[in-house]
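Heads up: take any position in the sequence shown, counting from 1, add 3, and you land on my numbering.
Note that the Cβ used here is the ideal one computed from N, Cα and C, for glycine as well.
Keep in mind that this is a model prediction, so the values were computed, not measured.
A quick write-up on the structure given underneath.
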Amino acid sequence: MTKCEKGRVTMTFTEPIRKYILSGLVAFVVIGLIVANVMASKQDDKFKINEALYTQAIQLQSTGDMAGSADAIKKVLKKEPNSEMANYAAALIFAQNGDMKQSAIHMQKTLDLNPYKVEDPTFMIQLGEIFVGAERFEDAKTVLLRCQESAWAPEDIPNYQEQVATLLAHIENSLKEGTKNE
């Protein structure tokens with residue numbers, strides 16, 4: 004019902020109309036909560052499965068079962084290809100298995116997913132070592148020069164700068180040998 008008072012049109016609702024509006028809003032909220040709950044539970048189940056596979060991969064790696072660990076991490080990556088943690092774990096597992104090219108791919112993807120990793124001294128020296136192992140010498144040199152310029156000295160890697168210098172020297176020697184062989 005509408006009224007016109009002093010140039011304004013106002014709408015008044017009768018009691019039954021107010022009840023219908025309130026009932027509709029309550030029903031909308033309840034349906035929204037039910038849908039959200041169903042979707043969240045499916046996501047929780049998916050997360051639990053992937054977490055179990057990830058944990059299995061790490062456990063297999065720690066017990067020395069590198070083939071089993073590589074298989075488990077591949078399953079995680081198949082379901083969660085953009086997981087930073089899974090790509091990082093895969094890189095370390097492949098490096099331990101000696102597949103440095105595959106390891107480098109996963110380290111690069113980890114960095115692509117989280118560019119702030121360039122501020123992590125441990126990640127950066129691992130990235131440099133893996134690039135050296137994969138014979139990506141220019142990439143390794145860029146990473147290791149960043150480590151050197153940052154003058155990092157993490158407590159858990161006491162000879163950090165010496166390791167960086169050793170890797171840089173190895174790169175220079177490899178690049179010199181590469182030009183001699185050509």
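Rank the options by C-alpha distance to the C-alpha of residue i and give the top, closest one.
i: residue 89; options: 99, 170 and 78; result: 78
i: residue 147; options: 33, 134 and 17; result: 134
i: residue 162; options: 145, 175 and 128; result: 128
i: residue 121; options: 95, 153 and 100; result: 153
i: residue 149; options: 108, 159, 87 and 164; result: 164
i: residue 65; options: 87, 155, 83 and 100; result: 100
I need the straight-line Cα distance from residue i to residue j, nearest angstrom please.
i: residue 67; j: residue 31; result: 54 Å
i: residue 142; j: residue 131; result: 8 Å
i: residue 172; j: residue 103; result: 19 Å
i: residue 184; j: residue 123; result: Here residue 184 scores only 49 on pLDDT, less than 50, and its place in the model should not be relied on; the value that follows carries that caveat. Distance between the alpha carbons of residue 184 and residue 123: 36 Å.
i: residue 4; j: residue 19; result: Confidence in residue 4 is poor, its pLDDT being 48 and thus under 50, which makes the residue's placement unreliable; the coordinate value appears in the next sentence. In a straight line, the C-alpha of residue 4 is about 12 Å away from that of residue 19.
i: residue 25; j: residue 37; result: 18 Å
i: residue 85; j: residue 74; result: 17 Å
i: residue 112; j: residue 106; result: 10 Å
i: residue 91; j: residue 110; result: 6 Å
i: residue 76; j: residue 145; result: 28 Å
i: residue 168; j: residue 174; result: 10 Å
i: residue 95; j: residue 87; result: 13 Å
i: residue 170; j: residue 159; result: 18 Å
i: residue 97; j: residue 83; result: 17 Å
i: residue 93; j: residue 177; result: 27 Å
i: residue 29; j: residue 22; result: 10 Å
i: residue 108; j: residue 126; result: 14 Å
i: residue 72; j: residue 62; result: 8 Å
i: residue 33; j: residue 81; result: 36 Å
i: residue 166; j: residue 157; result: 12 Å
i: residue 179; j: residue 151; result: 21 Å
i: residue 69; j: residue 35; result: 46 Å
State the start and end residues of the unbroken alpha helix (DSSP H) segment that holds residue i.
i: residue 83; result: That residue, residue 83, is in no alpha helix (DSSP H); it is neither H nor E in DSSP.
Cβ pair count under 8 Å reaching 3, the segment 132-144 against the segment 112-122: no
Length at least 3, wholly inside the segment 105-169: the beta strand (DSSP E) runs in chain order: none
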